[in-house]
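In the working numbering, the protein residues as written are 8 to 256.
Worksheet: one structure, shown below.
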Amino acid sequence: MSRNSRRTLFFGLIFSAVVVLLTGCSTAPSTKTSGVNYQRNAYIPNKYSHEEVPIKSGSVMVASWYGPDFHGKPTASGEIYDMNAMTAAHKTLPFGTILNVTNPKNGASAKVIVNDRGPFIAGRDLDLSYSAAKAIGVYGPGTMTVEIDYLGRDMKYVKYIKVSDTIASSASPSGYTIQIGAFQEQQNALRLKSSLEFEYKGVYIKQISTNGKTFYRVRVGKYKDKTKAIEYAKGLAEVGYDTLVTASD
8 MSRNSRRTLF
18 FGLIFSAVVV
28 LLTGCSTAPS
38 TKTSGVNYQR
48 NAYIPNKYSH
58 EEVPIKSGSV
68 MVASWYGPDF
78 HGKPTASGEI
88 YDMNAMTAAH
98 KTLPFGTILN
108 VTNPKNGASA
118 KVIVNDRGPF
128 IAGRDLDLSY
138 SAAKAIGVYG
148 PGTMTVEIDY
158 LGRDMKYVKY
168 IKVSDTIASS
178 ASPSGYTIQI
188 GAFQEQQNAL
198 RLKSSLEFEY
208 KGVYIKQIST
218 NGKTFYRVRV
228 GKYKDKTKAI
238 EYAKGLAEVG
248 YDTLVTASD
């Protein structure tokens, strides 16, 4: 076999492998969570590859911190809160937003990533993790006015939209809703509901029992049209919420 023939065969095999890989990635296998079957990665948010600037650098915020009482519990983004990590909670910034937070009194600064919602106390804008607060000197006084610089966004926080098998195979369900999370601990569901209510209306909790277990499902809105439900879910997914479009019951 000539050198050119071997080269052609080599690149042909590479191309075939890539095609197989992409084909595998484009499928939507059925998966199950909290008793609901769904088609994984069925829809991609409109702005999946688009990074917007949600906050101006040089902004001033009142920062506080939260720690042991929430350590090990789920955040609004779905991650488990680690008070020793460099993270923060904000009422509206997209999950994955990276901020540099500076204490103007001592010049200390820390880079944090937004992965939760809060603070829930009026007059406060940013809740720092214990480690972040300690690093810049907010831990002692409890609250402080800080300077914020926007550094970008970790786009892994943008989520795919899942669609339940129930409505994917049903011709005409009675209606649709968007499920954001399902918990066995009611307090976790209530915390997520409160987080969503910073920005969204029609947030509610649906209690269900399946296989002898009780789940508290946190949902947003009720829609007659599936297309509208998916479009609304795209906005939630772009911010960083896990979304499951399912039948409303």
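Idealized CB from N, CA, C, for every residue including glycine.
Q: Mind checking who residue 73 pairs with in its DSSP beta bridge?
A: As a first step, residue 73 must be located in the sequence shown, where it is residue number 66. For residue 73, which the question treats as bridged, DSSP gives the partners 136.
Q: Classify residue 241 as buried or exposed, calling it buried when 16 or more other Cβ atoms lie within 10 Å of its own Cβ.
A: Position 234 of the sequence shown, counted from the first residue, corresponds to residue 241. Result: buried.
Q: Buried or exposed for residue 208, please, with buried defined as at least 16 other CB atoms from any protein chain shown within 10 angstroms of its CB.
A: Numbered from 1 along the sequence shown, position 201 holds the residue referred to as residue 208. The residue is exposed, with fewer than 16 neighbouring Cβ atoms inside 10 Å.
**Q.** Residue from 152, 95, 107 and 120 with nearest C-alpha to residue 126
**A.** In the sequence shown, residue 126 corresponds to position 119, counting from 1. For residue 126, the nearest C-alpha among the options comes from 95.
(Q) Which residues does DSSP list as the beta-bridge partners of residue 186? (A) Working through the sequence shown from its first residue, we reach residue 186 at position 179. Residue 186 pairs with 226 and 251.
Q: Identify the continuous alpha helix (DSSP H) that holds residue 170 and give its terminal residues.
A: As a position in the sequence shown, residue 170 is number 163, starting the count at 1. Premise fails: residue 170 lies in the beta strand (DSSP E), 168 to 171, not in any alpha helix (DSSP H).
Q | Spatial neighbours of residue 80 in its chain, beta-carbon cut-off 6 Å, leaving aside the 5 residues before and after | A | Counting from one through the sequence shown, the residue named residue 80 turns up at place 73. Once the five neighbours on either side are set aside, the close Cβ partners of residue 80 are 88.
Q) Would residue 91 be called buried (16 or more neighbouring beta carbons within 10 Å of its own) or exposed? A) Along the sequence shown, read from residue 1 onward, the residue named residue 91 stands at position 84. Its Cβ having fewer than 16 others within 10 Å, residue 91 is exposed.
Q: Could you tell me which residues DSSP puts in a beta bridge with residue 97?
A: Within the sequence shown, residue 97 is the residue found at index 90, counting from 1. Its beta-bridge partners are 133.
Q.
Assuming residue 123 and residue 70 are in contact, meaning their beta carbons sit under 8 Å apart, how far apart are those beta carbons, in whole angstroms?
A. As a first step, residue 123 must be located in the sequence shown, where it is residue number 116. As a first step, residue 70 must be located in the sequence shown, where it is residue number 63. Not really, about 14 Å apart at Cβ, beyond 8 Å.
Q.
By the DSSP assignment, the alpha helix (DSSP H) with residue 233 in it spans what residues?
A. Numbered from its first residue, the sequence shown carries residue 233 at position 226. It spans 233 to 246 - the alpha helix (DSSP H) in which residue 233 sits, taken as one unbroken run.
Q) What is the DSSP secondary structure of residue 66, reduced to helix, strand or coil? A) Within the sequence shown, numbered from 1, the residue matching residue 66 stands at position 59. It is a strand residue.
Q | Backbone secondary structure at residue 256 - three-state DSSP | A | Numbered from 1 along the sequence shown, position 249 holds the residue referred to as residue 256. Coil.
Q.
Could you check whether residue 105 and residue 120 sit closer than 8 Å to each other, using their CB atoms as the reference points?
A. In the sequence shown, the residue the question calls residue 120 occupies position 113. In the sequence shown, the residue the question calls residue 105 occupies position 98. The answer is yes: Cβ separation under 8 Å.
Q: Per DSSP, which residues does residue 211 bridge with? Please list them.
A: Locating residue 211 in the sequence shown gives position 204, where the first residue counts as 1. Per DSSP, 226.
Q) Can you give the beta carbon distance from residue 117 to residue 72, rounded, assuming they're within the 8 Å contact cut? A) Mapped onto the sequence shown, residue 117 falls at position 110. Mapped onto the sequence shown, residue 72 falls at position 65. 11 Å between Cβ atoms; not a contact.
Q | Span separating the alpha-carbon of residue 255 from that of residue 97 | A | Translated into positions along the sequence shown, residue 255 becomes position 248. Translated into positions along the sequence shown, residue 97 becomes position 90. Rounded to whole angstroms, residue 255 to residue 97 spans 29 Å at the Cα level.
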